[in-house]
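In this note's numbering, the protein residues as written are 1121 to 1298.
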């Protein structure tokens, strides 16, 4: 692990829960291929601006990136299967693509819990196999949020999203053929 100038590079299979919790100087992290799990709270409340999660990671733990107020971009590669409860809650993500390999989306995974609306403008859900949906996955959304889903799953996913995200869920849901 390299941790100089606010940069961390991870090559281990897994690091402990809340390993970098509230490290306000941690601005950049590189998660190398081979890492299998991002532990609960691992980067919670850090100053990360962007993160790339390789396909070797199958699970993103609870609160893994929550309260990263500077996190504008997260790239999730094919291979990620589970995005746990509150994994990216209370971040400033503007868009996110959920890979086709994801089967579980945890409660509040991308929710913004403020009086303001979420910063999310675009969500792409490529997975046709989401078996478990938590409540309030996106929560209170902007009026201009567009969620793209597989065309073959549009009716099913729209029903789930509208019934589990509360009254402040105003997203437009669009079916796309991948």
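From the three backbone atoms N, C-alpha and C, an ideal C-beta is built for every residue, glycine too. Quick caveat: nothing in here was measured; it's all calculated off a predicted structure.
- Message: Using 8 Å for Cβ pairs, my map puts residue 1233 next to residue 1204. What's the rounded Cβ distance?
- Response: As a position in the chain shown, residue 1233 is number 113, starting the count at 1. As a position in the chain shown, residue 1204 is number 84, starting the count at 1. No, residue 1233 and residue 1204 are not in contact; Cβ-Cβ is about 16 Å, not under 8 Å.
- Are residue 1196 and residue 1166 closer than 7 Å when you measure CB to CB? For this step, residue 1196 is matched to residue 76 along the chain shown. For this step, residue 1166 is matched to residue 46 along the chain shown. No, these two residues do not count as a Cβ contact at 7 Å.
- Query: Ends of the alpha helix (DSSP H) at residue 1250?
  - Reply: One-based indexing of the chain shown puts residue 1250 at position 130. Element bounds for residue 1250: n/a, residue is neither H nor E.
- Item | Proximal residues to residue 1201 (C-beta, below 8 Å), its chain only, five neighbours per side dropped | Numbered from 1 along the chain shown, position 81 holds the residue referred to as residue 1201. Closer than 8 Å at Cβ, skipping near neighbours: 1178, 1179, 1221, 1222, 1223, 1224.
- Can you tell me the Cα-Cα spacing of residue 1160 and residue 1136, whole angstroms? What you label residue 1160 is simply residue 40 of the chain shown in a count that begins at 1. What you label residue 1136 is simply residue 16 of the chain shown in a count that begins at 1. Distance between the alpha carbons of residue 1160 and residue 1136 is about 8 Å.
- Query: What is the DSSP secondary structure of residue 1184, reduced to helix, strand or coil?
  - Reply: Translated into positions along the chain shown, residue 1184 becomes position 64. Residue state, collapsed to three classes: coil.
- Item | residue 1287 - DSSP class collapsed to helix/strand/coil | For the purposes of this step, residue 1287 is taken as residue 167 along the chain shown, with counting starting at 1. The answer is coil: DSSP assigns residue 1287 none of H, G, I, E or B.
- For residue 1301, the first and last residue of its enclosing beta strand (DSSP E): Residue 1301 lies beyond the stretch modelled for the chain, which goes from 1121 to 1298, so this question has no answer here.
- Message: Counting C-beta neighbours from all protein chains within 10 Å, is the total for residue 1272 16 or more, i.e. buried, or is it exposed?
- Response: Here the question's residue 1272 lines up with position 152 in the chain shown. Residue 1272 should be labelled exposed.
- Item | Simplified DSSP state of residue 1241, which is helix, strand or coil | Looking up residue 1241 in the chain shown gives position 121. The answer is coil: DSSP assigns residue 1241 none of H, G, I, E or B.
- Query: To the nearest angstrom, how far is it from the Cα of residue 1185 to the Cα of residue 1296?
  - Reply: As a first step, residue 1185 is located in the chain shown; it is residue number 65 there, counting from the start. As a first step, residue 1296 is located in the chain shown; it is residue number 176 there, counting from the start. Taking the straight line joining both Cα atoms gives about 28 Å.
- By how many angstroms is the C-alpha of residue 1153 removed from the C-alpha of residue 1255? Taking the chain shown and counting its residues from 1, one reaches residue 1255 at position 135. Taking the chain shown and counting its residues from 1, one reaches residue 1153 at position 33. Cα-Cα distance, rounded: 31 Å.
- Would you call the CB atoms of residue 1211 and residue 1238 closer than 7 Å? Walking along the chain shown from the start, residue 1211 turns up at place 91. Walking along the chain shown from the start, residue 1238 turns up at place 118. No, the pair does not count as a contact, with Cβ atoms beyond the cut-off.
- Across which residues does DSSP place residue 1295 in a beta bridge pair? Taking the first residue of the chain shown as 1, we reach residue 1295 at position 175. Note: residue 1295 sits in a beta bridge opposite 1269.
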